[in-house]
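What follows is one structure encoded as structure tokens, with my remarks underneath.
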Amino acid sequence: AGLGSALHLLATLTEQGAGVPRDPVAATRLYGQAAERGVRAAQARYGLALLEGRGGPRDAVRGETWLRKAALAGDREAAALLGDVHARGGDLPPNYLEAALWYRRAAQAGHGGACRAMGLLCLTGAGLPRDVTEAARWFRQAAALGDARAGADLGNLLLAGTVSDDDRRELGRYFARAAEGGDPLAAYNFGVCLAEGLGMERDERAAVAWMLKAADGVVNAQYWYGRMLLDGRGCAPDPVAGRAWIARAATAGMADAQVALAQLRLTGRGGARDHAGAAALYRQAAAQGQVDAMFSLGALHGGGHDIPPDRLQAQHWFRMAAERGNALGQLMLGRYLLRGLAGTTDAPQARLWLERARAQGVPDAAAELARMGPAPGVGDAAAAGPG
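Residue numbers (the working numbering): 869 to 1255.
The following block contains the structure:
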């Protein structure tokens, strides 16, 4: 045992180049010698080296054999690595059932990363029945073991309302821990919690700072930071910088940012007016299913803007918005069909869309219907009374 431990120590020093020349080939050989002498940690390192082909030819079969030997002897790191091997696949397709077996062994031995992996398997239903509550339990356990990413995962579940939790202050705690660990997505979510007072006291000044930290890596943070600069939330208003950040998110393909930037181009806030550019952005967002963009395209093509009116296009986009439940789109489609603004009248269809808009509480739709009077046949039937 003494020689095995000494070989393991020398292998570690050789792998790291600590006090001796760094030599991956020699390190792998030394790990193998220590593994043969029953040193569990060396078995895990040797197995990993064989799997990855470090210090020699890759040998997946022997590598997994050594990892398995170490894991069965109680090495939680080896068990977690085996979980990774089966979850990733490689030479063979992923085997999530086998991955769950090894992750569970490692998790039960107190491996935080394996606890998080179990949570992800439960959340996605890969290899295990999908169970959000069980996923939250594993994320909570991983976070308690110091895995900041799991804290962010749990925070996301709480933020989405997919798991119940009486103490919403956990949101801030989990996101804060992950954010302080350098996770940009957690920094964004922590910023949202601070800005909206979710699970903590509202603090817009702190929210702006966290959004800025996240903005280089998270598109949603670019959009939020830009909006906060525009609105002066937690900072002095800065329309130029706000527009620039929203433009970054729009360029990255975020539909809401494309709509926001289009509106800024329409008004000229924070930069030049550009109605044609606004229309192009609305089209990009509409192609992603953004309903407000569809309505806005209808309004742009309807006239009164710095692009040529095209009422056929306007009616097309109002219809697209109306069919997706947009109340103002339903109102405008009803008006176009009632008045024949795109060239053709259709009173029955106009009534149908105006009634849908009225049902959503649009006062102008009720006024249009009142001017139209009762539907044909309704007034006659009412006048005739009961037969």
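Where is the CB? At the ideal position from N, CA and C, for every residue including glycine.
Check whether residue i and residue j have beta carbons under 8 Å apart
i       : j       : result
Met1096 : Met1079 : yes
Val1198 : Ala1155 : Note that residue 1198 is Gln in the sequence shown, not Val. Not in contact: Gln1198 and Ala1155 (Cβ atoms no closer than 8 Å).
Gly924  : Thr880  : no
Leu1209 : Leu1222 : no
Ala1190 : Leu1206 : no
Leu1168 : His1143 : yes
Val1159 : Gly1138 : no
Arg1116 : Gln1090 : yes
Leu916  : Leu949  : yes
Ala1130 : Tyr1150 : yes
Whole-angstrom distance between residue j and residue i, CA atom to CA atom
i       : j       : result
Ala909  : Gly872  : 11 Å
Arg944  : Val1087 : 36 Å
Leu1062 : Asp1071 : 5 Å
Tyr1093 : Ile1114 : 8 Å
Arg998  : Thr933  : 30 Å
Gln1217 : Gly1170 : 20 Å
Ala968  : Gly951  : 7 Å
Ala1046 : Ala1003 : 18 Å
Leu988  : Ala974  : 15 Å
Leu1098 : Ala1118 : 15 Å
Glu1048 : Ala1234 : 53 Å
Gly1102 : Ala1054 : 19 Å
Gly1255 : Ala1243 : Caution is warranted here: a pLDDT of 48 is assigned to Gly1255, below 50, making its placement in the model unreliable, and the coordinate value is therefore given only provisionally. Cα to Cα, Gly1255 sits roughly 20 Å from Ala1243.
Val1060 : Ala1075 : 7 Å
Gln1152 : Gly1110 : 20 Å
Asp1106 : Ala1112 : 10 Å
Asp1178 : Ala1104 : 40 Å
Ala1077 : Ala1120 : 22 Å
Trp970  : Met1162 : 50 Å
Gly981  : Ala946  : 12 Å
Arg1017 : Gly1157 : 31 Å
Asp927  : Gly957  : 15 Å
Gly1100 : Met986  : 42 Å
Pro1052 : Arg905  : 44 Å
Thr1212 : Pro961  : 58 Å
Val1000 : Glu966  : 20 Å
Phe1007 : Leu1180 : 53 Å
Gly1050 : Gly1040 : 15 Å
Ala1215 : Gly1172 : 26 Å
Leu1025 : Arg972  : 21 Å
Leu1196 : Leu996  : 45 Å
Gly1145 : Ser1164 : 13 Å
Ala938  : Gly1193 : 59 Å
Asp1232 : Gly1166 : 18 Å
His954  : Gly870  : 33 Å
Gln976  : Val1230 : 58 Å
Lys1081 : Gly900  : 44 Å
Thr992  : Gly921  : 31 Å
Gly887  : Gly1029 : 52 Å
Gln1228 : Met1122 : 28 Å
Whole-Å CB distance - residue i paired with residue j, under 8 Å assumed
i       : j       : result
Phe1043 : Gly1023 : 4 Å
Tyr964  : Ala994  : 4 Å
Asp1015 : Arg984  : 5 Å
Pro892  : Glu883  : 7 Å
Ala912  : Leu935  : 6 Å
Leu898  : Leu875  : 5 Å
Asn1057 : Ala1083 : No, Asn1057 and Ala1083 are not in contact; Cβ-Cβ is about 13 Å, not under 8 Å.
Gly1219 : Met1240 : Per the sequence shown, residue 1219 should be read as Arg rather than Gly. The Cβ separation is near 6 Å, so the contact holds.
Gly978  : Leu1013 : 6 Å
Ile1175 : Ala1147 : 6 Å
Range of the contiguous alpha helix (DSSP H) that encloses residue i
i       : result
Gln1158 : No alpha helix (DSSP H) contains Gln1158, which DSSP labels as neither H nor E.
Gln1126 : Ala1123 to Thr1135
Leu1062 : Pro1052 to Glu1064
Pro1231 : Pro1231 to Met1240
Thr1119 : Pro1107 to Thr1119
Cys990  : Gly980 to Thr992
Val1076 : Glu1072 to Ala1083
Gly1094 : Val1087 to Asp1099
Gly951  : Arg944 to Arg956
Asp1021 : Ala1016 to Ala1028
Thr933  : Ala928 to Leu940
Ala1218 : Ala1215 to Ala1227
Gly908  : It is worth fixing the name first, because residue 908 is Arg in this sequence and not Gly. Looking at the DSSP string, the run of the alpha helix (DSSP H) that includes Arg908 is Arg908 to Glu920.
Glu904  : Pro892 to Glu904
Leu1013 : Taken as a continuous stretch (DSSP letters only), Leu1013 belongs to no alpha helix (DSSP H), as it is neither H nor E.
Residue i: CB within 7 Å of a non-hydrogen atom of the ligand NAP
i       : result
Lys1081 : Inclusion of the ligand NAP in the displayed structure is not the case, the ligand content being empty and no account of it being possible.
Segment contact, 8 Å Cβ cut-off, at least three pairs: the segment 1119-1126 with the segment 1134-1144: In short, these stretches do not touch, since the Cβ pair count stays below three.
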